[in-house]
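Going line by line, the protein sequences match chains A and B.
8 is the number of the first residue of the first sequence in the numbering used here; add one for each residue after it.
97 is the number of the first residue of the second sequence in the numbering used here; add one for each residue after it.
See below for the structure under consideration.
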Amino acid sequence: MSRGPGRGRVAVLVQLAALLVGFDCGPLPPPPPSANLQFSTEAFTTTSPSSFDIGVAVATNRSLQAYDVEVRYDPARLSLTGAQAYAEFDDDGSFFQSGVDASAGTVRLVDLLHGAPSSEGTVSLAILTFTTLAPGTVVLSVDGAVAMPDGALVPIALKKTAAITIR
Amino acid sequence: MFLVPSLVAAAPLPGDLDGDGVISSSDETLLRGYYGSPLGSPGYEPAADLDGDGQIGVQDLARFGAAYGDSGGDVDETPPGLFVTLNDIPDDMNDLLVAPPGGFQITLAIDSAGGSAIDPSSLTVSSSQPMGALPAGAPLAPLFSVTPQRAVWDVPPGTGLARTTHTLSVSVRDHAGNQANAAYGYAVRDFASAPPLANEQKIYLDFTRNRSLTPAIDFLEDLRAFGLSSASAPDLEATVRALVVAEILARVHPFYGRNPDGSPGPDAANVRFFDLAPAFPYSRLCVGGQSSSGPLYLGATSIDPGNSIEAEDQCIYPGPLYGVFPQAIDDLWGWTAGFQALFNPLKPGLGIPVGSDPLDAVVLDPAFDPATASAAELARLSLIQAATSSFAQIVATAIAHETAHMLGLVAGGPTPGGLFGGPNGTAAQDHNLTPLGATPGENYLMNAGGSFSFEEITGTGGIPLPVFRPLNWAYLRDRIVLNGNVWGLFPAPTLSSVAPSWVDPEPSALLTITGTGFLPKPNGAPPAVHLIVEGDPTPNAVIGVVLVNPQTITGTVSKYLAPPALYDVRVTNGDDQVVTAIDALVVQ
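Rendered as structure tokens:
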């Protein structure tokens, strides 16, 4: 079958129309909610006996209203001597709930913001103060859940640890 | 009685736990007490479960935080719901219950009714009658285990409650200060003889019989019919039989509140199962084969009202008429997808029966280690385990059901004479009915056998396993008394005079007894009157008793029934309440 002179042009126009239709001129859909639980540092070295502070934070692409996290540590090498709600996620000077199991080496921290939620990005939740007890390497780990103002959980994509070397 | 709030429920702000119309720090204080509590736990409060997911957690905390400071909500003026009963027996069955003098539960259900949270510390309970050492009207709430939704007091055995009508007065408030009040009346009487399950009921499950008179033992025929074993592999068949029997025992005990090994759980009925004959007395139930009544009978036993016979042998009836008959499983549910998915891969003619696959000897070896197994071995093991577990569960459910018949469930007629069992001659005979005569919609163990779906009897497809309904469980725990003479909640009768106080019956003499509250029996018969000599347990009957009116009874003292003595005069009212006048009559 012979091809007429105008047929190729028509084909090009059709392809262009398809491209135009397929091109999304509106705003991009927001990325799915995601959060990482982490510490203020991933590794550092200290001596024994000494004490140090380490922050617990969440990096997220959503505004948060509440969190419930648990930090685990080695009770043979560390003793938790303090836990303070951090101003970025504290508007009343205290946790909603906190609990320490010194023998198991866990501290659970729960708090909420009253009214306006947090901003997106990296938000510090709490500062933990530890005293070192014995030399060695301790890995702090964190687990838990964070929730948006509508009560929906933000999936935790990553739980980063912190390695403390005690000399 | 269930108190339905009389006002149209307000619409408090979600999270306004104290019902003051504002989300504030006082609500946060309450929320802190509930945080982390799942549904069913003592700390769970529905008003604090803002997303209604059955868990008070960080999601609820976030919603609360976002709403913090909100105001303008309706002030909660709706009283909580409050339901008072015995032994968790529901509203449609608790109109007339008879408790023993001790050893039962007073149970309260509390509902925040969509309003503010319940204040468990506000609970008040009192009784119209003394409760053991506590006088009538004494505060009983400290004796209850209280949560926001439920309060329970286990009235101890031996409390010795008066055998009369008791009325409980209960109130509770929510944190908004709204108070609910309820009153509940019940009767207390003695068991006619001993409590039905006072002694441990030992049930010997006999898997060894050959009542079908075919070459093999009935239970082995069952295993072969479902592809769980093969006659050609006797060693494996013995292994599977032992596994299945052990699993049946482990699965039947929990129906009676026991751990799989038969040891009692926190609320256990006095029933234990054995696969070898225990020390006498015990009852025997044969398991295996097919019923002579037809292929659709998974089980049948004779009902023993009040469990008057502690040792029953259900295997001796010809037919076999009574027992548990696993071959009915195929006839009842063989057409269902659930059954076919489990059993068709093993059934003879459809799949590969256990014992016919070379892998079976490997995966059923006690030394088999799944950690080092091949995918094919794990798949075969999974197939066998799924089928044997379901088979064991169905048989265990049927055993639990048939055993309960042997223990007296489900006595026909309404409480307090019956347990709302179906009447004789109907399809629901000896099985659960609602007070309106329908089969309950809940998955109750004593519903009529034909009413169970495959999912209901196996506890699959999101449906929990069947359980005894609260009324049946109360019977099995000896927490209610079956007494058809109690036809209402009447005050205790009183006795003011016996006239004359001295008679010389030659051969008889008329007696007139006055007092209050004299009642006929449900069939219209008059109260019974007896003359009692101190220290002599044998009562002497007064004959020709006539209930003249609620204040007067007449009767005749016969010299042949009442020899000369000083007597107490005892009136047993038509509802089995008893009143005695001490040293009230001299017979010359």
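C-beta atoms are modelled at their ideal positions from N, C-alpha and C, and glycine is treated no differently.
Worksheet item: Which chain A residues sit within Cβ distance under 7 Å of D114 (chain B)?
Response: The contact set of D114 (chain B) on chain A, defined by CB atoms closer than 7 Å, is empty, because the minimum CB distance reaches about 16 Å.
Worksheet item: If you check the beta carbons only, do I214 (chain B) and D270 (chain B) fall under 7 Å apart?
Response: Yes, they are a contact pair.
Fill in: Neighbouring residues, chain B, relative to D150 (chain A) (Cβ below 9 Å)
Result: empty, since nearest Cβ-Cβ is about 13 Å, beyond 9 Å.
Worksheet item: What does F103 (chain A) touch in chain B if you count any residue whose Cβ is under 7 Å from its own?
Response: Within chain B, the residues near F103 (chain A) are R128 and L157.
Worksheet item: What is the DSSP secondary structure of R320 (chain B), counted as helix, strand or coil?
Response: Reduced to three states, the DSSP call for R320 (chain B) is helix.
Practice prompt. Determine the DSSP secondary structure at E343 (chain B), reduced to helix, strand or coil.
Written response: Three-state result, E343 (chain B): helix.
Worksheet entry | Residues of its chain near S58 (chain A), where Cβ-Cβ distance is below 8 Å and the 5 sequence neighbours each way are ignored | Around S58 (chain A): T88, T136, F137, T138 and T139.
Worksheet item: If E552 (chain B) sits next to P536 (chain B), beta carbons under 8 Å apart, how far is it from one beta carbon to the other, in whole angstroms?
Response: With 8 Å as the limit, E552 (chain B) and P536 (chain B) do not qualify as a contact, their Cβ atoms being about 12 Å apart.
Worksheet item: Residues of chain A with a CB under 8 Å from the CB of D147 (chain B): which are they?
Response: The answer, in chain order, is G158.
Worksheet item: Helix or strand or just coil, what does DSSP make of Q22 (chain A)?
Response: Only weak support is given to the placement of Q22 (chain A): the predicted model assigns it a pLDDT of 46, under 50, and the value that follows is read from those uncertain coordinates. Here Q22 (chain A) sits in helix by DSSP.
Worksheet item: If you draw a straight line from the alpha carbon of T499 (chain B) to that of A424 (chain B), how long is it in whole angstroms?
Response: C-alpha separation (whole angstroms): 18 Å.
Worksheet item: Which term fits I152 (chain B), buried or exposed, when burial requires 16 or more other beta carbons within 10 angstroms of its beta carbon?
Response: In this structure I152 (chain B) is buried. Its beta-carbon is surrounded by 16 or more other beta-carbon atoms within 10 angstroms.
Item to complete: Quick one: measure Cβ to Cβ for L591 (chain B) and I609 (chain B), integer angstroms, because I've assumed they're closer than 8 Å.
Response: That pair is a contact at about 7 Å.
Discussion item. I believe A133 (chain A) touches L120 (chain A) by the beta-carbon criterion, under 8 Å. Please report the beta-carbon distance rounded to the nearest angstrom.
Written reply: In this structure, A133 (chain A) and L120 (chain A) do not form a Cβ contact; the two beta carbons are roughly 13 Å apart against a cut-off of 8 Å.
Item to complete: For Y74 (chain A), return the contacting residues in chain B, with the cut-off set at a CB-CB distance below 7 Å.
Response: By Cβ distance, chain B contributes V154.
Worksheet item: By how many angstroms is the C-alpha of T129 (chain A) removed from the C-alpha of H497 (chain B)?
Response: If you draw a straight line from the Cα of H497 (chain B) to the Cα of T129 (chain A), it is about 60 Å long.
Discussion item. Residues of chain A with CB closer than 8 Å to the CB of A329 (chain B), please, in chain order.
Written reply: Below the 8 Å Cβ cutoff, chain A contributes no neighbours of A329 (chain B), its closest Cβ being approximately 49 Å away.
Discussion item. Within 7 Å of any Cβ in chain B, is that where the Cβ of G128 (chain A) sits?
Written reply: Closer than 7 Å: no.
Item to complete: Could you tell me how far apart the beta carbons of E141 (chain B) and N274 (chain B) are, in whole angstroms, since I believe they sit closer than 8 Å?
Response: Rounded, the Cβ-Cβ distance is 15 Å, inconsistent with contact.
Worksheet item: Based on Cα-Cα distance, which residue from B:G254, B:A373 and B:L578 lies nearest to I299 (chain B)?
Response: Measuring from the Cα of I299 (chain B), the nearest candidate turns out to be B:A373.
Practice prompt. Give a yes or no on whether 7 Å exceeds the smallest Cβ distance from A42 (chain A) to chain B.
Written response: Closer than 7 Å: no.
Worksheet item: Does the count of Cβ pairs from the stretch 637-652 of chain B and the stretch 607-622 of chain B closer than 8 Å reach three?
Response: Verdict: yes, contact present.
Worksheet item: Within the 7 Å Cβ cut-off, does G165 (chain B) reach chain A?
Response: Yes - at least one Cβ of chain A is within 7 Å of the one on G165 (chain B).
Worksheet item: I678 (chain B): which of B:Q684, B:D664, B:D671 and B:G508 sits nearest, CA to CA?
Response: The shortest Cα separation from I678 (chain B) among B:Q684, B:D664, B:D671 and B:G508 belongs to B:D664.
Practice prompt. Please name the residue or residues paired with W598 (chain B) in a DSSP beta bridge.
Written response: Partner(s): B:V682.
Item to complete: Report yes if the C-beta distance between A488 (chain B) and V340 (chain B) is below 7 Å; otherwise report no.
Response: Less than 7 Å separates the beta-carbon of A488 (chain B) from that of V340 (chain B).
Discussion item. Restricting to Cα atoms, I'd like to know which of A:S131, A:S101 and A:Y74 is closest to D156 (chain B).
Written reply: Nearest to D156 (chain B) by alpha-carbon distance, out of A:S131, A:S101 and A:Y74, is A:Y74.
Worksheet entry | Spatially closest choice to A143 (chain B) from B:L113, B:D453 and B:T310, by CA coordinates | When the alpha-carbon of A143 (chain B) is set against those of B:L113, B:D453 and B:T310, the nearest one is in B:L113.
Practice prompt. Taking G122 (chain A) as the query, report the chain B residues whose CB atoms sit under 8 Å from its CB, ordered along the chain.
Written response: Neighbourhood of G122 (chain A) in chain B, by CB distance below 8 Å: G161, A162, Y164 and G165, in chain order.
Worksheet item: Comparing the C-beta of A154 (chain A) with each C-beta of chain B, is any distance below 7 Å?
Response: At a cut-off of 7 Å between C-beta atoms, A154 (chain A) counts as an interface residue with respect to chain B.
Discussion item. Please classify F51 (chain A) as buried or exposed, where buried requires at least 16 neighbouring CB atoms within 10 angstroms.
Written reply: By the neighbour-count rule (16 or more Cβ atoms within 10 Å), F51 (chain A) is not buried but exposed.
Discussion item. Along the chain, where does the alpha helix (DSSP H) containing H501 (chain B) start, and where does it finish?
Written reply: Element bounds for H501 (chain B): A471 to L503.
Item to complete: Find out if the Cβ-Cβ distance for the pair I119 (chain B), D187 (chain B) is shorter than 7 Å.
Response: Against a cut-off of 7 Å, the Cβ pair of D187 (chain B) and I119 (chain B) comes out as no contact.
Discussion item. Any beta carbon from chain B within less than 7 Å of L119 (chain A)'s own beta carbon?
Written reply: Yes, contact with chain B.
Worksheet item: Residues in its own chain within less than 7 Å of Y418 (chain B) by CB, not counting five upstream and five downstream?
Response: Here the set comprises A396, T397, S398 and Q410.
Fill in: Burial state of S328 (chain B) (16 or more Cβ within 10 Å)
S328 (chain B) comes out exposed.
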